[in-house]
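Encoded as structure tokens, the structure appears first; notes follow it.
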Amino acid sequence: MTQDGDLRLHLEYELEDLPPAVFRELTDPREVARWWGPDGFSTPSVEIDLRPGGAYRIAMQPPEGELFYLVGEYIDVDPPVGLSYTFRWEDPDPEDRETVVTLSLYDTDVHRTQLTLDQGAFATERRRALHEEGWSQGLGKLGEMLASQWD
611 MTQDGDLRLH LEYELEDLPP AVFRELTDPR EVARWWGPDG FSTPSVEIDL RPGGAYRIAM
671 QPPEGELFYL VGEYIDVDPP VGLSYTFRWE DPDPEDRETV VTLSLYDTDV HRTQLTLDQG
731 AFATERRRAL HEEGWSQGLG KLGEMLASQW D
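Residues in the sequence shown are numbered consecutively from 611, following this note's numbering.
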């Protein structure tokens, strides 16, 4: 929680590749579909118009349940160091509200990138925790994919 009381999410990951490659993984629809979402979920379609004001739409399929969509607009696109965008569900839960995601990439080593994710503000702690779980699992899959390239 920040000082002003907003519920925010802050995550940091070290990924095994340079910022340009990580940026591509975060923005190329084919690559996003490979790692996006919590464990067990699939991502049948990803549409991305990667420019400030451009929209995106991601279809997510839980292991059991109906397909649903995540949508938003890009606020800032700064390859290869970061991007920010709005994040909302097409059919939101009553506890949901639009948030802003900011992803920042920092070169930390010969072939490593520090990824910092900030998202918020959330309406409830329950929704913040749900996003933390989803991002942690999705970024974990991304980390495994990138690490396997170096094996």
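Ideal placement from N, C-alpha and C gives every residue a C-beta, glycine not left out. All values reported here derive from a predicted model rather than from experimental measurement.
Do residue i and residue j have their C-beta atoms within less than 8 Å of each other?
| i | j | result |
| --- | --- | --- |
| LEU625 | TRP745 | no |
| PRO648 | GLN729 | no |
| THR696 | VAL687 | no |
| TRP645 | LEU752 | yes |
| ALA669 | SER655 | yes |
Rounded to the nearest angstrom, what separates residue i and residue j at their Cα positions?
| i | j | result |
| --- | --- | --- |
| ASP614 | ALA731 | For ASP614, the predicted structure reports a pLDDT of 43, less than 50, and the residue's modelled location is therefore unreliable. The matter cannot be settled from this model. |
| ARG661 | GLY675 | 32 Å |
| GLN724 | TYR716 | 5 Å |
| GLU754 | PRO704 | 34 Å |
| ILE658 | LEU740 | 24 Å |
| ASP701 | PRO689 | 31 Å |
| TRP699 | ARG618 | 17 Å |
| GLY663 | GLU683 | 6 Å |
| MET611 | LEU749 | Low confidence applies here, because MET611 scores a pLDDT of 35, under 50, leaving its location unreliable and the question unanswered by this model. |
| LEU693 | ILE685 | 8 Å |
| GLU635 | PRO629 | 10 Å |
| ASP616 | ARG640 | 34 Å |
| VAL681 | GLU735 | 21 Å |
| TYR679 | GLU742 | 18 Å |
| PRO672 | VAL642 | 16 Å |
| TRP631 | GLY650 | Note on residue identity: the sequence assigns Ala, not Trp, to residue 631. Each residue's alpha carbon lies about 25 Å from the other. |
| ARG722 | ALA733 | 34 Å |
| ASP706 | THR718 | 35 Å |
Does residue i pass the burial test, meaning 16 or more other C-beta atoms within 10 Å, or should it be called exposed?
| i | result |
| --- | --- |
| ASP627 | buried |
| ARG738 | buried |
| SER758 | exposed |
| LEU713 | buried |
| VAL720 | exposed |
| GLU708 | exposed |
| SER652 | exposed |
| PHE633 | buried |
| LEU677 | exposed |
With a threshold of 8 Å between beta-carbons, can residue i be considered close to chain B, or not?
| i | result |
| --- | --- |
| PHE697 | No chain B is present in this structure, which holds just one protein chain. |
Ordered list of beta strand (DSSP E) runs contained in the region 613-639, each at least 3 residues: Correct list: 617-625.
Run through the region 671-756 for me and flag every whole beta strand (DSSP E) of 3 or more residues, listed as ranges in chain order. 678-688, 692-699, 709-719 and 722-732
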